[in-house]
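Residue numbers (the numbering used here), protein chains in the order written: chain A, 1 to 451; chain B, 452 to 923.
So, in structure tokens, the structure goes:
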């Protein structure tokens, strides 16, 4: 028996003695990242991390504690902290928080073993990729002044869940990711933009494509003009529509619903979006970022249809909220060892439509093609109302022809209205490696505040 | 009160072990090495539905070892703080690069210093029930304020960070940093119109301050703001004069200029402020400071995360750029003197030049005159979050509470306003600065993680700024 299992068994015995149930989430990871600046190696980081998070359940109450010290004494001390926290969180409800039993995701675990590659890539090859991510951007166009952000990362991460019901599941994955952001300048105009990638195997890395697309993005935005204030039809590009899905993703959580914070309350079986809008959650989708055999309670993953023809079909649940809300269990428990148990989607897939991007852009005499939410959601979205007011950039199209880049404007509205106003979806998906897989989306009309 | 004198004999790991690890780190020709050790206790408590909802405590325990080969940075981390673990991690760092013959490290000499900050009961010493009492009282005050309150969330986050730094120049230092922050959000439903609003309190220090703070006022302020928003119309759109309130209004300077003054951006030539030292970059009414020395200030330090004594740095004086924000590597790359600004979220991140308590200094104007001078504009009373692209200086941030200024008077409230602009342009348009300086807490995210950083300013008038509201 391995040390972790042995230590957990001692904790389980203690929990049994205390009349408690216990779960341990153990994460580990190794990350190598390499970055070049001005064609010289600038940073080389190799980090290793491990953390154990203990969840102790006493009836309707649960307490948490975590540590990076995985010695037997430290884990037992951490268990006692979690137990004390569970006792602090008084709850009179006659409710027993459930734990996942040992039956589960072993089969899925085997099916996903290809997500971990033990292939050893020589260091000089990784260095070459990192060097080229910057160099190729610098060489592509004289207007590229510098490449302030570029780098390659190699990541191996592991997750293991053990609980006092006898569950012991583990999963390991590896991937390469990278990015190159170029600062382009022409006259008084300067713009920074770039491209990134996420691949499972080294041979899939295509530096030329990343550099070309990244530089093209930065250069095409030079000389941007402001947009006249008004209402315009808008095509939100497929790389940016995830920002919109981010706004609504927590509304699908049964926990948020239970806490009265979901704007989808009372809408199950009702229309929440245009009938063109089909959304599902898929933890098996190989081109998605979050592929996993089990969720963070150890329950086997499953695919969930969330919205069909614009009608809300399901909320996302974990064991606790499936039981509390009497809803189907969808296995969407989510937490890190240092956080409490919540609910989160895996890969959200917005079904594609039939139109090409050119067709979408020619749908109206004037169309805003939105290619960047400048501040993400950091500024400008209010979850409690769905109102958003987000700085953005893009291009103005007239009768399908690009008139030029536009910037310094704000798109605003309410996200539920935006969903209802979706008219068409494009026929291509965004780059692989996102946890939100989306086509381009045409929205009938949005408010734009510019000059 | 505690800690007072930080004595030279407190440590997480004994100096002879760190010396061995530094020798290993320097064995392949690095010209500098340092080790950052951390033992951090964190606690997060929260309430929801008028009852305790969440209680999490935890420990971060690890080390980051950094090597410089000229302008190259090698960084490795480990959770194993034994001699074997640290030496192994140091060798992993050293062996990633062949820089020639090994170099000597100087004998470690631990520095003693007087802490600027005082702390009370440590977070693990204070009874959890006492902490929940503060949170419960916020819930009760909020619900008592209005029957439209549908939900109250309140949380208390505490962190007690013990750090130890040793480097190949022979420096060794130990310090302790306590942080406590209480936040609340209230949700209201005013005849079907839903809104929410947040407030927070806290400092660099421990939690006993909440016995003194008027939590009732805090709760009522959040409820009143949420109720006001239910009746507010959307903000207008377009260029207009904007008066930005003091305190968290300083986020405009933080985003518009502060990030671009960090050598992290300057060295990459990814800042509009490159090469502008000594030049006039702002209206003469603007003096801006980044100060790590404020007693128990949210973004304060004694020593930074590279072991350097922190400072009060004048960034802009009467509109002229005087200094950048400089860490060890930034100093090597740009030649500017270190300002004691090397910071990181934890040992998991290599340090970078980061802001501390950054603010626009008090001026000579009065708030009332500022408002009187505006025919039509926006009074941004409560700012939300924001972001910046340091390469271009483009910034944006959200306004949580705003009012229309009409004919020199503050009139109706508006919601959904967003301010966007470009750093240098905006600095030139700050035409009035009031006498009433205030600082506020924020969390700043950048290359070396999320760190406590205070922002601040007196009320300022920006003669013209793009307001993103809604097209009518």
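Where a beta carbon is used, it is the ideal one built from N, C-alpha and C, also for glycine.
Computed from a prediction, not measured in an experiment: that's the story for all the values here.
What number of angstroms, rounded off, separates the C-alpha of residue i from the C-alpha of residue j?
i: residue 566 (chain B); j: residue 87 (chain A); result: 37 Å
i: residue 257 (chain A); j: residue 342 (chain A); result: 12 Å
i: residue 681 (chain B); j: residue 252 (chain A); result: 24 Å
i: residue 65 (chain A); j: residue 78 (chain A); result: 6 Å
i: residue 69 (chain A); j: residue 506 (chain B); result: 20 Å
i: residue 574 (chain B); j: residue 761 (chain B); result: 25 Å
i: residue 750 (chain B); j: residue 404 (chain A); result: 43 Å
i: residue 554 (chain B); j: residue 484 (chain B); result: 10 Å
i: residue 571 (chain B); j: residue 628 (chain B); result: 12 Å
i: residue 600 (chain B); j: residue 62 (chain A); result: 27 Å
i: residue 686 (chain B); j: residue 917 (chain B); result: 12 Å
i: residue 768 (chain B); j: residue 864 (chain B); result: 35 Å
i: residue 280 (chain A); j: residue 440 (chain A); result: 17 Å
i: residue 782 (chain B); j: residue 520 (chain B); result: 14 Å
i: residue 452 (chain B); j: residue 656 (chain B); result: Summary for residue 452 (chain B): the model assigns pLDDT 49, below 50, so the residue's position carries little reliability; its value from the coordinates is reported in the next sentence. The alpha-carbon atoms of residue 452 (chain B) and residue 656 (chain B) are separated by roughly 11 Å.
i: residue 200 (chain A); j: residue 154 (chain A); result: 10 Å
i: residue 147 (chain A); j: residue 837 (chain B); result: 23 Å
i: residue 470 (chain B); j: residue 538 (chain B); result: 10 Å
i: residue 432 (chain A); j: residue 197 (chain A); result: 8 Å
i: residue 710 (chain B); j: residue 840 (chain B); result: 9 Å
i: residue 17 (chain A); j: residue 98 (chain A); result: 18 Å
Can you tell me which residues form a DSSP beta bridge with residue i?
i: residue 512 (chain B); result: B:490
i: residue 300 (chain A); result: A:294
i: residue 634 (chain B); result: B:606, B:651
i: residue 414 (chain A); result: A:387
i: residue 24 (chain A); result: A:54, A:162
i: residue 402 (chain A); result: A:397
i: residue 869 (chain B); result: B:849, B:919
i: residue 894 (chain B); result: B:903
i: residue 864 (chain B); result: B:854
Using CA atoms only, rank isn't needed, just tell me which of the options is closest to residue i.
i: residue 832 (chain B); options: B:815, B:661, B:903, B:867; result: B:867
i: residue 254 (chain A); options: A:77, A:192, A:313; result: A:313
i: residue 395 (chain A); options: A:203, A:186, A:224; result: A:224
i: residue 517 (chain B); options: B:544, B:703, B:811, B:492; result: B:544
i: residue 95 (chain A); options: A:397, A:322, A:448; result: A:322
i: residue 915 (chain B); options: B:742, B:752, B:880; result: B:880
i: residue 755 (chain B); options: B:777, B:464, B:610; result: B:777
i: residue 59 (chain A); options: A:22, A:297, A:52; result: A:22
i: residue 625 (chain B); options: B:532, B:644, B:560, B:584; result: B:560
i: residue 688 (chain B); options: B:465, B:733, B:855; result: B:855
i: residue 694 (chain B); options: B:739, B:634, B:827, B:492; result: B:827
i: residue 435 (chain A); options: A:238, A:355, A:425; result: A:238
i: residue 857 (chain B); options: B:871, B:772, B:821, B:890; result: B:821
i: residue 650 (chain B); options: B:899, B:658, B:677; result: B:677
i: residue 414 (chain A); options: B:721, B:842, B:921; result: B:921
i: residue 28 (chain A); options: A:219, A:209, A:143, A:47; result: A:47
What span of residues does the beta strand (DSSP E) with residue i cover, start to end?
i: residue 178 (chain A); result: 168-186
i: residue 654 (chain B); result: 644-654
i: residue 137 (chain A); result: Premise fails: residue 137 (chain A) lies in the alpha helix (DSSP H), 123-140, not in any beta strand (DSSP E).
i: residue 764 (chain B); result: 763-768
i: residue 840 (chain B); result: 827-840
i: residue 198 (chain A); result: 189-199
i: residue 449 (chain A); result: 441-449
At what residues does the alpha helix (DSSP H) containing residue i begin and finish?
i: residue 589 (chain B); result: 579-596
i: residue 682 (chain B); result: 666-682
i: residue 818 (chain B); result: 818-823
i: residue 79 (chain A); result: 72-88
Would residue i be called buried (16 or more neighbouring beta carbons within 10 Å of its own) or exposed?
i: residue 90 (chain A); result: exposed
i: residue 206 (chain A); result: exposed
i: residue 665 (chain B); result: exposed
i: residue 12 (chain A); result: buried
i: residue 535 (chain B); result: exposed
i: residue 5 (chain A); result: exposed
i: residue 529 (chain B); result: buried
i: residue 716 (chain B); result: buried
i: residue 332 (chain A); result: buried
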